[in-house]
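Residue numbers (the working numbering): 5 to 183. Positions of the beta carbon are idealized from the N, C-alpha and C atoms, including for glycine. Okay, so here's the structure we're looking at.
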């Protein structure tokens, strides 16, 4: 049994639908509000795109470059939250998690619920995934994506797929270091 974490009453982030709340496009950059196991998150654009402040579900988000770092900013409830990601090295995708009021790394995989798990390969191919692993008895499958793929965009692409009933991005679990 999967445990869903987060506060289901944290409106407006639990608006109807599990898959996708919406996307905004600014200067070629997409900000995607998608579902994760811990609630809705705002997936930031990756690659070389930059973006001026854009309001998404009550969060003002922006992306810029300073020196050798991509800078992600989110202003939420009057506080500014910042994440720095090195431009060099492996591709990383970041999401702002309003429930925890911080940025989290998005893993290159999706948790997918299917009507028929024998169609998992069709789903993997539809988004250019690397592989899929079915956990049918648990009610989901994991689709592994290329490192360069944006998991938010892949989740959006599966939104209308006939075999998919729900899709969620997966977030990296932060280390909890005792003080």
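Query raised in the report: By how many angstroms is the C-alpha of residue 119 removed from the C-alpha of residue 43?
Result: 22 Å
Query raised in the report: Once you ignore the five residues that flank residue 60 on each side, which residues in its own chain have a CB closer than 7 Å to its CB?
Result: 28, 35, 37 and 46
Query raised in the report: residue 113 and residue 174: beta carbons closer than 8 Å?
Result: yes
Report task. Express the C-alpha separation of residue 131 and residue 161 in angstroms, rounding to a whole number. Result -> 7 Å
Report task. Return the chain-ordered list of same chain residues with a C-beta closer than 8 Å to the C-beta of residue 31, the five sequence neighbours on each side being excluded. Result -> The predicted position of residue 31 is uncertain, since its pLDDT is 36 and thus under 50; a value taken from the coordinates is nonetheless stated next. Closer than 8 Å at Cβ, skipping near neighbours: 53, 54, 55 and 56.
Report task. Would you mind sorting residue 81 into buried or exposed? The rule is 16 or more other CB atoms within 10 Å of its CB. Result -> exposed
Query - Start and end residues, alpha helix (DSSP H) containing residue 155 - result: 155-162
Query - Where residue 103 sits in the DSSP three-state scheme - result: coil
**Report entry** Sequence-distant residues of the same chain with beta carbon closer than 7 Å to residue 106, five excluded per side
**Finding:** 85
Report task. Quick one: grab the DSSP three-state call for residue 128. Result -> helix
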